[in-house]
Amino acid sequence: MDKEARPSWDNPTQFLLACVSYAVGLGNVWRFPYLCQMHGGGGFLIPYLIMLVLEGVPLFYMELAIGQKMRRGCIGAWSAISPYLGGVGIASVVTSTFLCLYYNVINAWAFWYLFHSFQVVLPWANCPLNDNQTGYLEECEVATPTQYFFFRETLNITSSINESGGIHMGQALCLLLAWMVVYLCIVRGVESTGKVVYFTATFPYLVLIIYLIRGVTLHGALNGVRYMFTPKMEHLANPTTWINAATQIFFSLGLGFGSLIAFASYNQYNNNFERQAIVVSMINSATSIFASIVTFSIYGFKATVNYESCQERVRMLLLNTFDMAEDTINIDNINYWIAELNHTHPEQFAAISSKIDPCNLQDELDTAVEGTGLAFIVYSEAIKNMPFPQIWSVLYFFMLLMLGMGSMLGNITAIITPLRDWKFLSKHFTNESLNGLVCIVCFLLGLGFTTGSGNYWFSIFNDYGATLSLLFIVLVETISVSYIYGLKRFEKDIEDMLGHRPNWYFRIMWAGVSPVLLIGLFLFYIVNYIMGGTPTYQAWDKDLGESVTTPYPAFAQAFIGLLLASSMGCIPLVALYVFWKKKRLGVEVVDNTLST
Numbered sequence: 001m002d003k004e005a006r007p008s009w010d011n012p013t014q015f016l017l018a019c020v021s022y023a024v025g026l027g028n029v030w031r032f033p034y035l036c037q038m039h040g041g042g043g044f045l046i047p048y049l050i051m052l053v054l055e056g057v058p059l060f061y062m063e064l065a066i067g068q069k070m071r072r073g074c075i076g077a078w079s080a081i082s083p084y085l086g087g088v089g090i091a092s093v094v095t096s097t098f099l100c101l102y103y104n105v106i107n108a109w110a111f112w113y114l115f116h117s118f119q120v121v122l123p124w125a126n127c128p129l130n131d132n133q134t135g136y137l138e139e140c141e142v143a144t145p146t147q148y149f150f151f152r153e154t155l156n157i158t159s160s161i162n163e164s165g166g167i168h169m170g171q172a173l174c175l176l177l178a179w180m181v182v183y184l185c186i187v188r189g190v191e192s193t194g195k196v197v198y199f200t201a202t203f204p205y206l207v208l209i210i211y212l213i214r215g216v217t218l219h220g221a222l223n224g225v226r227y228m229f230t231p232k233m234e235h236l237a238n239p240t241t242w243i244n245a246a247t248q249i250f251f252s253l254g255l256g257f258g259s260l261i262a263f264a265s266y267n268q269y270n271n272n273f274e275r276q277a278i279v280v281s282m283i284n285s286a287t288s289i290f291a292s293i294v295t296f297s298i299y300g301f302k303a304t305v306n307y308e309s310c311q312e313r314v315r316m317l318l319l320n321t322f323d324m325a326e327d328t329i330n331i332d333n334i335n336y337w338i339a340e341l342n343h344t345h346p347e348q349f350a351a352i353s354s355k356i357d358p359c360n361l362q363d364e365l366d367t368a369v370e371g372t373g374l375a376f377i378v379y380s381e382a383i384k385n386m387p388f389p390q391i392w393s394v395l396y397f398f399m400l401l402m403l404g405m406g407s408m409l410g411n412i413t414a415i416i417t418p419l420r421d422w423k424f425l426s427k428h429f430t431n432e433s434l435n436g437l438v439c440i441v442c443f444l445l446g447l448g449f450t451t452g453s454g455n456y457w458f459s460i461f462n463d464y465g466a467t468l469s470l471l472f473i474v475l476v477e478t479i480s481v482s483y484i485y486g487l488k489r490f491e492k493d494i495e496d497m498l499g500h501r502p503n504w505y506f507r508i509m510w511a512g513v514s515p516v517l518l519i520g521l522f523l524f525y526i527v528n529y530i531m532g533g534t535p536t537y538q539a540w541d542k543d544l545g546e547s548v549t550t551p552y553p554a555f556a557q558a559f560i561g562l563l564l565a566s567s568m569g570c571i572p573l574v575a576l577y578v579f580w581k582k583k584r585l586g587v588e589v590v591d592n593t594l595s596t
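Right under this line is the structure:
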């Protein structure tokens, strides 16, 4: 495709909103609060903000600069920098494809929950009756209704990855709907996407504000907010805290997927991407903190309800056992009566001691849940206890859907833009047909995630499909810009676009600090993977009504290796191919992009 004829955003606001919609995603709602909970509450903000400055902003800036200067997708952009680097772009496309395959499954789950929210009684509020209609299903009673609905009704999960379980038709239809929505959002390329992002980038904030107002007024919500902002500074001495802060910044901004390069390639040549890079990075981090306040208010409500329910069970047990008046024991003095009755009636108390659960609010707040467990179980548990739960359920799952769709627009653009740049495809396919073909292929490949074992494969892709490979991709990108393309040349390109060169901060980050951090992260993940022994996953145990840690079988471990190799291997393989081609032809290889 001729660069001069390249389509562009209608205005800089569209590009800014597209970047916000892409960067602000599900990770802000379910991963960041989990990390805060795991690493010292408010104390986690210190390494998080430091890593934003040292890693997030400069690398985000770098990718936008590359896309806007080269005005091509990631494959063409890196091939233009050096033919030997074409594999960097291909690796980004492969990784984005992996992400698209499983990420849209989350949107399918959001559709599933959204549709089930329009019921008089939410289906995850109570257990279903057993076959004899004489009581509730035993598995559900053991697991809790919210867990049962997610694992058994939504996923129809099998007991291990070895059992496929067949396709869940409800989930397959929801996945089809999710891909149809994605297609409608990108049908005319950047022209369609630019209009959709006005909604996907702003609506989640409206829902978060509504949830914040409702959340902080819930009973016990302040327990959760206080928990978040009570820093545990001893966590700052833990290297894992800093590693997780750097990783969260890295993935939250969507570096290495090729999406930012693709978005920036549709900018006007003199667009001020420098200001936009800083604004989007700040908005993304502020949203994580804002969403965490909402999440921890829900945490506090849920923890308080569970704590008080536990206390009430103990209170009723004591009242019935010792034949005491109803108003004798309350939640405030229950611990006194436990000690008193144990002292005055030791034999009678010993008979019921095994039935007295230890009730502790701090333990409830310390229970860390991330990912799908937080989004589809913890929130569902809290929503069912709210007044008018259907309204809150519809708002929440529609917000999840918008967050997921906003990120999907960036992911799918990272795939489609390099394909459009390929003259062969642009000549034989219209935008509509090429976009539709990509969506159909991704939908068919994604059907595997709708089987009974699909959630286990989802975990493999989530844990290994776009982690180590992305670190490697961005590390190569940073080194390539600084030491192959050359910082002076890169600075001159930026000056040509913006009218001034980047300041000393960006030069220092690109030349030394960011590469060192990326090398450290990359080595950490390799060592962690090697030292971790056999990879494991959480298999659903129907008898226990919970997930149990289970080693991956040999074929799953081999697939994990294939996932890692299929993306990272593109970089050295393309470089070797170009080197071989140069030697074979006996001439210098010139720009070898897909557009030539």
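Per our numbering, the sequence shown starts with residue 1, numbered consecutively.
For glycine and all other residues, C-beta sits at the position ideal for the given N, C-alpha and C.
Thr230 is a Cβ neighbour of Gly42, given a cutoff of 8 Å.
For Trp540, the enclosing beta strand (DSSP E) stretches over residues 536–541.
With fewer than 16 other Cβ atoms inside 10 Å of its own Cβ, Glu495 counts as exposed. Cβ neighbours of Trp179 within its own chain (closer than 7 Å, five residues either side excluded): Asn104, Cys439, Cys442, Phe443. Val314 and Leu54 have their C-alpha atoms some 51 Å from each other. With a 10 Å radius around the Cβ and a threshold of 16 neighbouring Cβ atoms, Phe257 comes out buried.
Going by beta carbons, Thr413 and Phe301 fall outside the 8 Å limit. With respect to the 8 Å criterion, Phe524 and Ile243 are classified as neighbours on the basis of their beta carbons.
If you compare the alpha carbons of Ala565, Pro12, Glu546, Ala575 with that of Ala277, the shortest gap goes to Pro12. Per the DSSP secondary-structure output, Thr550 pairs in a beta bridge with Tyr537. Looking at the DSSP output, Thr451 bridges to Ile167. For Tyr136, the three-state secondary structure derived from DSSP is strand.
DSSP places Leu155 outside both helix and strand once states are collapsed to three, so it counts as coil. Collapsing the DSSP output to three states places Leu122 in coil. Counting only the Cα atoms, Asn132 lies some 48 Å from Phe199. If you look at Gln362, you'll find it in the alpha helix (DSSP H) that goes 361–366. Residue Thr478 holds the alpha-carbon nearest to the alpha-carbon of Met62 among Val548, Thr478, Cys140, Cys127. Annotation: the continuous alpha helix (DSSP H) that includes Ser380 extends over 379–384. Of the other Cβ atoms in all chains shown, 16 or more fall within 10 Å of the Cβ of Thr417; this residue is therefore buried. Contact annotation: Thr287 and Asn28 have beta-carbon atoms nearer than 8 Å. Residue nearest to Thr534 within the set Val513, Leu35, Ile560, Ala201 is Ile560 (criterion: CA-CA distance). Taking all protein chains shown into account, Ser353 has fewer than 16 neighbouring C-beta atoms within 10 Å of its C-beta and is therefore exposed.
Note that the C-beta distance between Leu35 and Gly465 is not below 8 Å. Cα atoms of Lys384 and Thr247: separation of roughly 33 Å, rounded to the nearest angstrom. Excluding its 5 nearest sequence neighbours in each direction, Met568 has C-beta neighbours in its own chain below 8 Å: Ala91, Leu468, Ser469, Phe472, Ile473, listed in chain order. Within the same chain, Asn284, Thr287 come within 6 Å of Val24 by CB-CB distance, once the 5 residues on both sides are set aside. Distance from the Cα of Leu206 is smallest, within the candidate group Leu173, Ile261, Ala291, for Ala291. Asn130 and Asn330 have their alpha carbons spaced roughly 35 Å apart.
Within the same chain, Cβ atoms closer than 8 Å to the Cβ of Trp337 are found at Leu318, Thr328, Ile329, the five residues on either side in sequence being excluded.
Looking at the DSSP output, Leu129 bridges to Tyr136.
Here Phe424 carries a helix assignment [DSSP, helix/strand/coil].
DSSP, reduced to helix, strand and coil, places Lys69 within a helical segment of the structure shown. In chain order, Ile81, Ser82 place their CB closer than 8 Å to the CB of Tyr485, counting only its own chain and leaving out the 5 sequence neighbours on each side. Annotated three-state conformation of Ser285 is helix, per DSSP.
Asn431 places its beta carbon less than 8 Å from that of Gly189. A straight-line Cα-Cα distance of about 6 Å links Phe118 and Gln390.
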